[in-house]
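Trainee:
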Amino acid sequence: MKAQRSALLWMFVWLSLGSAWLSSTAIAAAASPARMHPVPAAAKSTSAFVVSADISGTWYDPAQSGHGFVVEHTIIAGAPQLLVTWFTYLDGETRWLFGLGPLIGNEARIPLSITSGANFPPNFVPNTATVQPWGELVFNFSSVTQGRASWTSSFPGFNNGSMSIFRLTTPASALESPTAGIAGCHAGAWYDPAQSGHGIFVEILGSGANRSMLAIWYAYLNGAQRWMTATGPIVGNTATLTATITSGADFPPAFNAANVVRAPWGTMSFVSVDGNHASWQWNSSVAGFGSGSMNLTRLTSLSGRECTPSNDAEAARFLTQASFGPTAASVSEVRTLGFPAWIAAQKLLPTTLQRPILEQQVAAHVLVDPRNAQYYNAFRVERWFNTAVSASDQLRQRMAFALSQIMVLSDQGTLSNNPIGVAEYNDILLRHAFGNYRDLLREVTLSPVMGAFLTSLRNQKTDWTLDANNNLVAGLIAPDENYAREVMQLFSVGLVERNRDFSPIQVGGQNAATYTQDEVTDTAQVFTGWAYACSGPATVGGISINRNCTGCIGSACNFSSTLFFSNPGRYAVPGTVTALMHPDAYLPMVCYPRYADTGRSATASNNYAVLPAPNDIKSLIAGVNVAPSSVACHASTTGNDQQTCLNYCTAQIDTQIDALFLHPNVPPMIARQLIQRMTTSNPSPGYIDRVAATFENDGSGVRGNLAAVAAAVLLDPEARATAPAANFGKVREPLLRLTAIWRGFGVQAGGGVYGVTSPERFYAQRPLGAPSVFNFYEPDYQQPGEIADAGLFSPELQILDESTAITTADELWRRVFAGYSTSNATSTTFSAPTQGAYLSPTELDALPSDNAGLIESLNQKLMFGAMSSTMKTKLTALLNADMAAADKRRKALDMIHLIAISPEFALQQ
Amino acid sequence: MRCTHPKHRRDFIKQLGGSFALGSVASLLPQLALMPRAVAQASGGGYRALVCVYLAGANDSYNWLVPRDSESAGSRYDTYRSTRGGVYSATNTNGLAHAFNDLLPITPSNTSSAYGLHPSSTDYTAVNGASSQAHGGLQTLFNQGKAAFICNSGPLVQPISKTEYDNGAPRPAQLFSHNDQELLWHVGMSAPNDPLSRFGWGGRVAKLTAGGSLPNGLSPTISLAGSARYLIGDQILPYQLASSGVNLIDNYTAGITDTNYSSARRALLNDLLDDSYAHPFSREYGRVVKRSLDVGESLSGLLGASDGSGDVTSVFPAGNTLADQLKMVARMIKVSRAAFSAQRQVFYVRVGSFDLHDGMFVAGQPVATSGHGALLTTVNQALGAFWAALGEINARSEVTTFTMSDFGRTLTGNGSGSDHAWGGNLLVLGDAVQGGKLYGTYPNLIVNANDNTNKDWSFSRGQYIPTTSVDQVAATLARWMGVSDSAALASIFPLLDNFSASDLGFMNA
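So the sequences go chain by chain: A and B. Residues 190 to 1098, numbered by this note's numbering, are exactly what the first sequence covers, in order. Residues 509 to 1017, numbered by this note's numbering, are exactly what the second sequence covers, in order.
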C-alpha cells in the first residue's frame, strides 16, 4: 500500500502522463459486450448510486466521439480516489490532462494538471517536462455506465464547460493469474522508471478468445503533448497492437468530431513478464517517432483488479469470502499464488466427498451397536463439519455450501431418517460445484433424495379413461406439482422476468411473471414416472443388502409395477431400522414409462390414443413444448417400444432442463445468490451483470460454467476493492462464524470429532437442514427499520433475533473455551476434550504477549485487519486494566469470544 | 369512486421517491400520524391481545372443516368425497376424503347444513411429566360457541369471479407460491409494492392501539417463532423469544466478580453494542443484541419469579412445539398485564410441515393422529391447553386466537397428497368471538366451478377463488382491538373499500 501510494504521489508531482484519446470506433470493436444502456428505471433500489471500484474504464460523450477520459479507481490511504486522464485537443493538437481526486458518494472533484516540454524517446529526458495546474474536473456518476463531467479552467486556451459521459470500455476482472500470460490484472498505468514522465494506460477487454488490449500512450513530441491509442489481440503473454494517432480537433465546446483526423501510427506490443513487469516495443511510420523498446514497470493498478494481495489482510479477507475461514497456511498460499492462481489450484484439488466415508462409518457402527436411522444424522453433521474445517478443497466446499442454500434440501422432516442420502446430495453439489449448472440441475432433479424431499419420487401421471359416452376424460389424480414449482421458483428462473443485472422487467408497470399456473401443471407432468433404480443386491461397507429386482432384464425392468413401488432396503435388526441403505436409495432415479405422462391415454380399449388437444402437448416455460410419445407406454409395452418409451422419458426431462437452463433469468438469479452467499447481500446491478455475463459465456462460449462463475463472483472489482462501497458486505452466517474461529486458531478434533451435532438449536442454521425449501433466510429478506428503509437486503439477519443472539453467543463460548478452565483468574489450564473440537493451545501460546499486539493479531486472524481503532482501543484497555493479571490464554480466549459476538465481527465486508 | 383513493396515495408516495428513506412512513402518510393511539382507550380500555397461529406450508383446510349433511348421493358430503377421490383406505390410497363417520359433527347455528371437523378435533387429556389435565378440543369449543370458522378466505385485491380472473382482473401476485402468499397473509392488502406492505397487519394494528413499548422496552408485538412480517409496524419491531422463555447470556453477568472478569467483559460488551458503526449491518446487529440483553433480563425476572407469578399451572401437552409456544404466550400475557398494565399485544406462533404433497394419510395408521391428522392433533391439543390457560389467567374474553395459513390446497389429489391452491378456512377462538358459526361462504367443493350466483369459483383441480379477503378478516379483528374509526381502518387496510363488508361480524363489540 505504501509503495503504491508513494509511486502515485511521485507520478503526480512530476507526471508527464502522456497519452492519446481513443478513436471510439476502434474501441467499440474491442470493448467487451457490456451493456451500455442505463440501468432500467425499474431497478428496485431506494439507495443513491455510490461509486465503487467498478467505475474504472474509459468514458466519453458519444456526441463528441474523439476525446474522452481514462478513469482508474484507486485506494490511497484507505480512501477511494479517482485517477483521471483526459485525452483531448486544443487548436488541432492533442492534449492530455491528468489528476487525482477523492471520491465521495457519486462525486469526484479532481484538480487537473497539464504538461509540456519533453520529447519522444529515445530523446525523452526526465525533468524536461513542466507541470502546470490546469483547473478542476468534477465527475458526477448516476450509474456505472453514465454520469456528467464539468470543468473550470483558466489555463490559456481552455475554458469552463460540461458534458454527459458514458462508459466506453469495461476492463475485465482479474480472472487469471498474470504468470501464464496477459491477465485482467495487467490493467493499469505502466512506465519505464528511467523515463518517468511518459507511459501507457492499459486495459484488458473481453474474455477468452476475444481477449484484447487497449493501450493509450501519453507522450511528447518536440516539447508538445502527444497521445496515441492502440488496440489488438492478446495471445499468451503478448498483445500485438495497431496504433492510431489523431489530430485536428479542438477543446469543447469547439470540439467537432468531424475534425478529428485519424492516421495510422504504426505498431506497438506489450509482452508481460509478470504482474508488475513487461516489455514494450514500437515501430512507427509517423515522422518523429521511429521505433524502439523499453522495459515497463507497473505504476498503478485498478482497485479490485490487482494481481496479488498486497498484504495478509487482503488475502484473509478473500479467504473469508472463498473458504470456511482463513488459516495461516491458506493466507500464505494466497499471498504466494495470488487470487486467480489460488482459485485455479483449488479447482484441481480432488473433491472431498462425504457420503462414501459416512457410509463406511455407519456400516461399521451398525455391526456393533445398531440404532434407528435418525441416530446417524449426527454422523452426517459431524462429517460435514470435519470436511468444512479440514478439507483442502475449501473453495469447492464453500461453493457447495452456497449451492445447498439455493437448491435447498433438508434433513428436517421427510429426510430425517436418511443421512446417507442427504450426504450424497451434498456430494452432488460438490461434484458439480466447478462443473456446469445444467448438469447440476439435471442430477438434482433425478436425485431420489430430492425426489423424496419435494415429492417428485413416484410422481404419477393422470390416467385418462373412456367414460360412458366413450369420451376420454381425465382421472382425478393429477401429478404432484411440488418439484415443478420449486425447481422453477427457487432453483432456476425465479418468479419474475429479469434483466441480466437482476432488475425486473416490467410490463405495464407490473413485474412480468416467468410462468403461469398452467405451465406449473404441465411441468409437473414432465416429472412423472421416476422412481428408484433397481440394481440388485449390493455390498455397502462390507454389509450385504438385498434388493430383489424380480428377475427382470433390461428395459423390461422399467415396466415393472413392483419395481416402481419398491423401496431399496436397509440394514435392520429386530426393532431397529438403521440408516445404512442400498445405494439405489440415492443413485439417480430411473423412468418407469407406464407411470410417466406421455401425452396418451391409459386405456387399452382405445389403443392408448394420443390425448385430445391441448392435453397431448406439455406446454412448459418460455414456450417450450413436449409432444406426445410416438408409441404407447403401458404395462404391456414390449420389444423396441420399451426403449422408445424410456428415450421419451429422458428426452422430456432434457427438454425441461434445457428450458430452464437456457432461460435468460437463470444467469442473474444464480449470480445474485452466489454473490450473496459469498461476498455481499447487496451487489450492484453492475456486479450481478458481470457475473451473469460469465454464466452466459465463460469466455469459451460455454454457458453455466460454475467454476468461471465462482471466479467472477470472487474476483469482481466490487468484491476485491480494498475500500469496499459503504453498503458492501454481508452478515456472517452463523456456521461460518464458528468455522472461521476454529480455522483461525488451529482447531483440533478432540477424540477425532468436532462434536457439533445439532447446530440449528443454537445458530438457527444446520448444514442441509433448513426449516424448508426456502432456506434459513431468503435472498430478499429486509430487516425492518433502517435496513428496509434504505432498500437494502439482509438475508442472514432473518435468523438473528433476541433469542438466537444469545444461544449463538453461549454456544460460541462453549466452543471457544472447550478444554480451557476458567476456575482461576490468573492461569488457564488446558485439558484436551475427548469428544469435541478445541482451539489449539499451541496457537494461543504463540500469540503476542503484549496486549496491543495480541489484539492486533486477533484482528488479523478473525477480522482480516478490519477492526476499528475504537474497538482495538477498548479491547486493549480491558486487558490493560481489569484483566491485567490474567494469563495470555485467558486474555486470548476472552477476547476471541468478545470479538465473535461483536457488531464488527458480525459483518463480513 | 372510493377505490381510486389508494392509487392516488401510491402516486403521491411515488413522487416522494427518494425522500422516503429518510423518515418513517407516518411522516409521508399524514392519515397514519393523525390516528391517535387513543383509539384503544376510546374503545373502553382493558387488555386485549391477538394471537396468530400460523400453519406453515398450507393447511389442507377443506379436510379440517367438511360438509357432513349425509352420505347419500348428491349430498354436499358426497360431492366432497367424490371430488377428493373417495375416502382414503388401504384399497384407495389415492383418496383424500375422510369417512363420513370419522368426521366429528358440529352444528353451526347460522347454516342450514351440518358440518364435521377433522377427526383430530377431540377432547383429550394433556400429559406432561407427572401432570395431566383434561382439555376440550375444537369440536367442543365450537359447539360451546367459543370458536368459529371463516370459510374460503385468502388474499384478494378485489372480489373476483372466475370469468373476471380469466379476463385478467387484478389479483394478488404470485398466487400458489408459498413464501409470497404467506407474505400476503402477513401483510394483507395484496399490494406488495405499497410502502405499507413493509408492515404486517398485526404490526399496523399494534401501532394504532398499543403505541410504543412497555416500560421495560418490550415491544407490543411478540414472536415465539422467529422473524415475522406480520408483527412489524411503523417503528415497531417484534420482540422474539423462544418457547423455553428468555435465554440470558452466559458468562457476561453484570455486577458479578468471578474468576473470569464477567462484570468487566459485560461492561465492554455493552460499550461495543452501543457504539456507532459505519455499516448498517453492524448497527442492526448491535441493536438486536442490546435489546435482547435489556428486555431479556427484565422479562427473565418476571417470568421466573420465585413466587410462581410468571408461570401458569395449566398442563400443556409434552412434545408439542405449538403448545410450548402458546404456553409462553400465556405467561407473557400474564406478566405483561401484572407488571406493566399492558393494554394491547399481538403475538405470533407457528407450526410447520403442512405442505403435504405427500403423506396426507399414512397407511395403517389412525387418520386422526397420522399424516395431516398428526399436525391437526398438534393444533387441536395446543389450542385446547391454551384455552385452559387463558381461563386460568382470566383472559378468555381478552385474547382472540386465530389461524392463518399460506393457502388452501387442491381438492384433487396427486396420488398421496394435495398441491397448492388459494382460498381456505381459518379458525377464530375466544370469548369475544361470536362462536358456533361459519362466516363467509363455504364452497361447493367441485372442480371447475363457475357459479356467479353462489360465488362458487374453482379451477381444474378444485383450487377455490376466495370469497372473503384477508383484509376483511384482519379488519374485523383490528376493529375489536380498537381500530374502530373507519378512516383509521382505511389507513391500515387501503383495499378494504374494495369489499362489501369491512366487518365480518364474528367478533363481539
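Here a beta-carbon is modelled for each residue, glycine too, at the ideal position from N, C-alpha and C.
Quick one: is Asp-586/B near chain A, going by C-beta distance under 9 Å?
Mentor: no
Trainee: Using three-state DSSP, classify Leu-558/B as helix, strand or coil.
Mentor: strand
Trainee: Could you compute how far the alpha carbon of Leu-937/B sits from the alpha carbon of Ser-685/B?
Mentor: 28 Å
Trainee: Return no unless some Cβ of chain C is closer than 9 Å to the Cβ of Gln-682/B.
Mentor: Checking the listed chains, one finds no chain C in this structure; the protein chains it contains are A and B.
Trainee: Taking only beta carbons into account, state which residues of the stretch 733–767 of chain A come closer than 9 Å to chain B, listed in chain order.
Mentor: none
Trainee: The alpha helix (DSSP H) that contains Gly-676/B, what's its start and end?
Mentor: Looking at the DSSP string, Gly-676/B is not in any alpha helix (DSSP H), and its letter there is neither H nor E.
Trainee: Closer than 6 Å by C-beta to Asn-465/A: which residues in its own chain qualify, once you throw out the five before and the five after it? Chain order, please.
Mentor: Arg-487
Trainee: Where does Leu-301/A fall in DSSP's three states?
Mentor: strand
Trainee: At 8 Å on the CB atoms, spell out the chain B contacts of Val-920/A, in chain order.
Mentor: Phe-789 and Tyr-793
Trainee: Alpha carbon to alpha carbon, what distance is there between Gly-980/A and Asn-933/B?
Mentor: Rounded to whole angstroms, Asn-933/B to Gly-980/A spans 35 Å at the Cα level.
Trainee: Given this structure, state the Cα-to-Cα distance separating Thr-911/B from Leu-864/B, to the nearest angstrom.
Mentor: Answer to the nearest angstrom: the Cα atoms are 18 Å apart.
Trainee: Can you tell which of Gly-324/A, Asp-501/A and Val-333/A has the C-alpha that lies nearest to the C-alpha of Thr-341/A?
Mentor: Taking only the C-alpha atoms, the option nearest Thr-341/A is Gly-324/A.
Trainee: According to DSSP, simplified to helix, strand and coil, what is Thr-630/B?
Mentor: coil
Trainee: Which of helix, strand or coil does DSSP assign to Asn-295/A?
Mentor: When DSSP states are grouped into helix, strand and coil, Asn-295/A belongs to the coil group.
Trainee: Taking DSSP as the reference, what is the three-state secondary structure of Lys-654/B?
Mentor: Looking at Lys-654/B - three-state DSSP - the assignment turns out to be coil, as it is neither helix nor strand.
Trainee: Taking a contact to mean a Cβ-Cβ separation below 9 Å, would you say Ala-768/A touches Gly-493/A in this structure?
Mentor: no
Trainee: For a test of your reading of the model: does the CB of Pro-968/A fall under 8 Å from any non-hydrogen atom of the ligand GDP? Yes or no.
Mentor: Among the ligands in the structure shown, none appear at all, so the ligand GDP cannot be discussed.
Trainee: To the nearest angstrom, report how far apart Lys-650/A and Val-766/A are at their CA atoms.
Mentor: 32 Å
Trainee: With burial defined as no fewer than 16 other Cβ atoms inside 10 Å of the residue's Cβ, what is the status of Gln-831/A: buried or exposed?
Mentor: buried
Trainee: Mind checking Val-762/A: buried by the 16 CB within 10 Å criterion, or exposed?
Mentor: exposed
Trainee: Count the other C-beta atoms from every protein chain shown that fall within 10 angstroms of the C-beta of Arg-759/A, then say buried if there are 16 or more, exposed otherwise.
Mentor: Buried, since its Cβ has 16 or more Cβ neighbours within 10 Å.
Trainee: Just list the beta strand (DSSP E) runs in the stretch 722–807 of chain B, keeping only unbroken ones of 3 residues or longer that don't cross its boundaries, in chain order.
Mentor: 729–731
Trainee: Are Thr-525/A and Leu-403/A touching if we call contact CB-CB under 9 Å?
Mentor: no
Trainee: Find the nearest neighbour of Ala-266/A within the set Glu-282/A, Leu-292/A, Cys-838/A and Phe-287/A, judged by alpha-carbon distance.
Mentor: Selected option, being the one with the closest Cα: Leu-292/A.
Trainee: May I ask you to report which of helix, strand or coil DSSP gives Arg-494/A?
Mentor: coil
Trainee: Note the first and the last residue of the continuous beta strand (DSSP E) segment covering Val-880/A.
Mentor: Note, Val-880/A: premise wrong, no beta strand (DSSP E); alpha helix (DSSP H) at 874–885.
Trainee: Excluding the 5 residues preceding and the 5 following Ala-908/A in the sequence, name in chain order all residues of the same chain whose CB lies nearer than 6 Å to its CB.
Mentor: Exclusion of the five residues before and after Ala-908/A leaves Thr-868 as the residues of its chain whose Cβ lies within less than 6 Å of its Cβ.
Trainee: For the alpha helix (DSSP H) that Arg-969/B lies in, which residues bound it at each end?
Mentor: Segment: none, Arg-969/B is in no alpha helix (DSSP H) and carries neither H nor E.
Trainee: Out of Thr-601/B, Gly-653/B and Gln-647/B, state which residue places its alpha-carbon closest to the alpha-carbon of Asp-610/B.
Mentor: Gln-647/B
Trainee: When you compare each of Lys-1050/A, Ala-1026/A and Tyr-1027/A to Pro-1037/A by their alpha carbons, which one comes out closest?
Mentor: Lys-1050/A
Trainee: For the stretch 527–534 of chain A against the stretch 891–904 of chain A, are there 3 or more C-beta pairs whose distance is under 8 Å?
Mentor: Yes, they touch.
Trainee: Any beta carbon of chain A sitting closer than 9 Å to that of Leu-921/B?
Mentor: Rather than Leu, the amino acid found at residue 921/B in this sequence is Gly. Interface residue, yes.
Trainee: If I follow the unbroken alpha helix (DSSP H) through Ala-413/A, where does it start and stop?
Mentor: Not the alpha helix (DSSP H): Ala-413/A falls in the beta strand (DSSP E), residues 413–424.
Trainee: Excluding sequence positions up to five away, which residues of its chain have a Cβ less than 6 Å from the Cβ of Thr-630/B?
Mentor: Gly-645
Trainee: For Thr-767/B, which residues in chain A fall below 8 Å Cβ to Cβ?
Mentor: Thr-1011, Ser-1012, Asn-1013 and Ala-1014
Trainee: Quick one: Cα of Ser-1010/B to Cα of Val-597/A, how far?
Mentor: 41 Å
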